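J.:
Protein chains: 2
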Amino acid sequence: MNVERLNRLLSGLNSLGLDGIVLMPSSNLRYLTGIGFHPSKRLALTFVSADGRTPCLVLPALEAAGVRAAFGTSAELFTWTDAEGPAQALHRAVARTFGAHSGTRSAHIGIEYTTMRVMELRALEMAALANGCAVETIDATPLMAAMRMVKDEDEQAAMAESARILEAALRNTIEHIRPGMTERQLARFCSNAILAAGAEGESFDAFVAAGPNSANPHHSSNDRPFEAGDLIIIDCGAVYGGYASDITRTVALGEPGELARRVYATVLAANTAGRAAVRPNITGEQIDQAARSIITDAGYGDYFPHRTGHGLGLEVHPCHEPPDLVAGSTTPLNPGTTFTIEPGVYIEGVGGVRIEDDVVITRDGYKSFTSFDRELVVLSA
Amino acid sequence: MNVERLNRLLSGLNSLGLDGIVLMPSSNLRYLTGIGFHPSKRLALTFVSADGRTPCLVLPALEAAGVRAAFGTSAELFTWTDAEGPAQALHRAVARTFGAHSGTRSAHIGIEYTTMRVMELRALEMAALANGCAVETIDATPLMAAMRMVKDEDEQAAMAESARILEAALRNTIEHIRPGMTERQLARFCSNAILAAGAEGESFDAFVAAGPNSANPHHSSNDRPFEAGDLIIIDCGAVYGGYASDITRTVALGEPGELARRVYATVLAANTAGRAAVRPNITGEQIDQAARSIITDAGYGDYFPHRTGHGLGLEVHPCHEPPDLVAGSTTPLNPGTTFTIEPGVYIEGVGGVRIEDDVVITRDGYKSFTSFDRELVVLSA
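Read top to bottom, the protein sequences are chains F and X.
Per the working numbering, the first sequence starts with residue 1, numbered consecutively.
Per the working numbering, the second sequence starts with residue 1001, numbered consecutively.
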């Protein structure tokens, strides 16, 4: 249990008037405790009461040894076996955490709406009922996301190492490209290169889109062989120390046409402008605007259909890891906030270009975790 | 939309007194429609009314083209964009499917408790409220699982091919074993071999446990190098045509001790007895007993801590894919039912042995999709 983070969570719960929070095996639990286990079909929930008493966990007996070692006396464990089922352990955890509400007002409990399943919700409601207390649930995702937004030195060091590993793998991947190879083959090579370079895993499945497919930002890698004249987008991510990196580079197989070169230069300028805008107190909307205006001014505004970037940390999705770099994202950002900058232009008949870096806001500007060459690489076809 | 399966679902809904079912992007949806998309952070739900009207889907506009092509006129689509959000599309789907309940009794809706998140449940409840109707939800997992239990010819053909691909990959993996290689390296090799052999994916992450680690059935593959004298358990799975295979073999690196050989012979006898017991109308409990009694009689009963097998099909978990081969599983099984048989014995100081096959009940007995050599292979150390 990370005491500093737990104390910040308790303040957050109290300021929202919540009686406690019940967490899934999730990135939020990992943030609080360092424990990285994943949801399974077996119920596992962590209970934190806003009154500061020792947290408790309901978990399968199978998982108990590892979790007990990690927590010591900083959490109480209620374990259950497949033969028993989870009901009794859950009953004890609810009694301990929310028992004071028996017969009085409902307990107000934060839960993770995007992670908790109906299975856990119904089990929680039944255990509360059996304890004579009603529960009202509130989505705790925004509270946890806000807590996680500013990364401390250790977190930033993990992200820098995650980016270093990823760039080594990306270098190998680009060197591996040959005409006739397919998107799926290159994506698989990239995934293996990320693991071989020392990552704990990928932060998402490596993505490759080439030639006409590169013009579709939502393409799924398929079996089309690379041809001379293809633009090839490679978007990939690593995990190290639990923290994600995420990079995109676009290379040309054989000499690209004039229009493809102009698109590339525009996207590179947008990436550069987006990074240059990053400083304390800037908003996601302003960074998006800095990158987007370059593309709009070049006449490609209609071909940039996505946000400029997303938060990055234990996850790669902005609902768990803000900020979102998009119109309407108006929260001023503090030093230590980490996100991607990834403008792209996708034109049917030409292809697509995306250039993505991972940055952190510093006291006087920004630092980029990724430094992979951004100039257009032309491979021999 | 598979009309025969849809009609069976409608009968099931009506016999349970449900007004309809709301499905996540899940294996159940794939079973009904052939569409294999996965849950994302964007809300996507399929509505089937028990009264037989055309089903409808709420889904992100991004996904619409592929889904529309798959359905033709057999489903209505309500799409939403990131700018709009899903509320309006969801409102229309609820009005269409459950609108008749406005102001009257609650609509009784089946949902998948182990797949649906609180995010979707709350959105569904709010859309119902906005339509003036209350909803009561019931777990539809058992209904869908029962529907899927007996596999038709096409499903069995996909499972046979999935097993064929898997066995080719397993052969390559066993040939690749060398002293000094680690569990994690071999597991990664195995995963790649499965994809290279023509699988669409793995049905779960390939598992390797060797030497002392093999004695722990819940081990996670780590970086311990293989040594002479190790028993090496390899448990892996492929997906083909959406259908899973799942095999385990245990090999010896260098000559195994006498006790290891005796354990291997016992587990092989249990696997053989389990398979031999398979015929129409047998229960999961009886198959478990047939395998388990061999192990108990040999004196290793306390070292066989898991069920004898689990259902297999679009998934590998018995809560979605019955039957469970365990005490208490007393439903008589019909021809076409598919499952694993995987007894194991795990003894500290000796190691572990598990031998797993995939079988289907036939009219007069069983057929095994897997036929990989079951005799102990001793590799030179």
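Don't be surprised by glycine CBs; every beta carbon is placed ideally from N, CA and C.
If you're wondering where the values come from, they're calculated on a predicted model, not measured in any experiment.
Just the Cα atoms here: how many angstroms apart are X:Val-1216 and X:Tyr-1346?
T.: Sequence check: residue 1216 of chain X is Asn here, not Val. Their Cα atoms are separated by approximately 7 Å.
J.: Which one of F:Val-316, F:Ala-206, F:Pro-60 has the shortest CA to CA distance from F:Ala-83?
T.: Considering only alpha carbons, the answer is F:Pro-60.
J.: Could you tell me whether the Cβ of X:Glu-1112 comes closer than 9 Å to any Cβ of chain F?
T.: Yes, its Cβ sits closer than 9 Å to a Cβ of chain F.
J.: Taking Cβ positions only, does X:His-1219 come closer than 9 Å to chain F?
T.: Not one chain F Cβ lies under 9 Å of X:His-1219.
J.: Using the rule of at least 16 other Cβ atoms within 10 Å of the residue's Cβ for burial, across every protein chain shown, is X:Ala-1128 buried or exposed?
T.: By the neighbour-count rule (16 or more Cβ atoms within 10 Å), X:Ala-1128 is buried.
J.: So, at 8 Å on beta carbons, what are the nonlocal neighbours of X:Asp-1223 in its own chain, with the 5 sequence-adjacent residues on each side left out?
T.: Cβ within range, chain order: Thr-1182, Glu-1183, Arg-1184.
J.: Taking Cβ-Cβ distances shorter than 7 Å, what residues in chain F pair up with X:His-1317?
T.: Neighbours of X:His-1317 on chain F, chain order: Lys-41.
J.: Which one of X:Ala-1075, X:Val-1150, X:Thr-1248 has the shortest CA to CA distance from X:Thr-1046?
T.: With distances taken between Cα atoms, X:Thr-1046 lies closest to X:Ala-1075.
J.: With burial defined as no fewer than 16 other Cβ atoms inside 10 Å of the residue's Cβ, what is the status of X:Ala-1228: buried or exposed?
T.: When all chains shown are included, X:Ala-1228 counts as exposed.
J.: DSSP on X:Val-1208, reduced to helix/strand/coil?
T.: Here X:Val-1208 sits in strand by DSSP.
J.: Nearest to F:Ile-174 by alpha carbon, out of F:Gly-180, F:Ala-199, F:Ile-165, F:Leu-186?
T.: Measuring from the Cα of F:Ile-174, the nearest candidate turns out to be F:Leu-186.
J.: For X:Asn-1192, would you say it is in contact with chain F, using Cβ-to-Cβ distances shorter than 9 Å as the test?
T.: It does: the Cβ of X:Asn-1192 has a partner Cβ on chain F nearer than 9 Å.
J.: From F:Val-316 to F:Gly-274, what does the alpha carbon distance come to, in whole angstroms?
T.: Approximately 19 Å, taken between the alpha carbons.
J.: Secondary structure at X:Pro-1142, three-state DSSP: helix, strand or coil?
T.: Reduced to three states, the DSSP call for X:Pro-1142 is helix.
J.: Within its chain, find whatever has a CB closer than 6 Å to the CB of X:Ala-1134; leave out the 5 residues flanking it on each side and keep chain order.
T.: Here the set comprises Ser-1106.
J.: Please determine if the stretch 302-312 of chain F and the stretch 333-341 of chain F are in contact, where contact requires at least 3 C-beta pairs separated by less than 8 Å.
T.: Touching, yes, given that three or more Cβ pairs across the two stretches are closer than 8 Å.
J.: F:Ser-384: which of X:Gly-1103, X:Leu-1325, X:Phe-1037 sits nearest, CA to CA?
T.: In the structure displayed, chain F extends from 1 to 381; residue 384 of chain F sits before or after that span and is not available.
J.: Tell me whether the stretch 1010-1026 of chain X and the stretch 364-380 of chain F touch, counting them as touching only if at least three CB pairs, one residue from each stretch, are closer than 8 Å.
T.: These segments do not touch.
J.: Within its chain, find whatever has a CB closer than 6 Å to the CB of X:Met-1149; leave out the 5 residues flanking it on each side and keep chain order.
T.: These residues qualify, in order along the chain: Pro-1322, Thr-1337.
J.: Cβ of F:Glu-258 within 9 Å of Cβ of F:Val-378?
T.: No.
J.: Output yes if chain F places a C-beta closer than 9 Å to the C-beta of X:Val-1208; else output no.
T.: No, because no Cβ of chain F sits closer than 9 Å to the Cβ of X:Val-1208.
J.: How do the stretch 1351-1359 of chain X and the stretch 1230-1241 of chain X stand: do at least 3 beta-carbon pairs fall below 8 Å, yes or no?
T.: They touch, by the three-pair rule.
J.: The beta strand (DSSP E) spanning X:Asp-1357 covers which residue range?
T.: Run containing X:Asp-1357: 1357-1362, per the beta strand (DSSP E) assignment.
J.: Work out the CA separation of F:Ser-26 and F:Asp-154 for me, nearest whole Å.
T.: Their backbone Cα atoms lie some 20 Å apart in a straight line.
J.: Tell me, which residues are paired with F:Phe-339 by DSSP?
T.: Per DSSP, F:Gly-311, F:Val-359.
J.: What's the C-alpha gap between F:Ala-298 and F:Thr-272?
T.: Going from the Cα of F:Ala-298 to the Cα of F:Thr-272 covers about 15 Å.
J.: Please report the residue range of the alpha helix (DSSP H) in which X:Ile-1287 lies.
T.: Looking at the DSSP string, the run of the alpha helix (DSSP H) that includes X:Ile-1287 is 1284-1297.
J.: Output the distance between the C-alpha atoms of X:Phe-1204 and X:Ile-1194, rounded to the nearest integer angstrom.
T.: Answer to the nearest angstrom: the Cα atoms are 11 Å apart.
J.: For a cutoff of 9 Å on Cβ pairs, would you count X:Arg-1122 as touching chain F?
T.: Yes - at least one Cβ of chain F is within 9 Å of the one on X:Arg-1122.
J.: How many angstroms separate the CA atom of F:Asn-172 from the CA atom of F:Val-208?
T.: When rounded, the distance between both Cα atoms is 14 Å.
J.: Residues of chain F with a CB under 7 Å from the CB of X:Leu-1195: which are they?
T.: Here the neighbours are Arg-188.
J.: Fully enclosed by the stretch 224-279 of chain F, which alpha helix (DSSP H) runs are 4 residues long or longer?
T.: DSSP runs (the alpha helix (DSSP H)) wholly in the stretch 224-279 of chain F: 258-277.
J.: If you compare alpha carbons, which of X:Glu-1167, X:Asp-1139, X:Leu-1090, X:Val-1118 is closest to X:Asn-1131?
T.: When each option's Cα is compared against that of X:Asn-1131, the closest is X:Leu-1090.
J.: What number of angstroms, rounded off, separates the C-alpha of F:Ile-287 from the C-alpha of X:Glu-1120?
T.: Cα to Cα, F:Ile-287 sits roughly 32 Å from X:Glu-1120.
J.: By the criterion of Cβ-Cβ separation under 8 Å, what are the contact partners of X:Met-1181 in chain F?
T.: Within 8 Å Cβ-Cβ: nothing; X:Met-1181 doesn't reach chain F, min ~14 Å.
J.: Closest Cβ-Cβ distance between F:Asp-223 and chain X: below 9 Å?
T.: Chain X contact via Cβ: absent.
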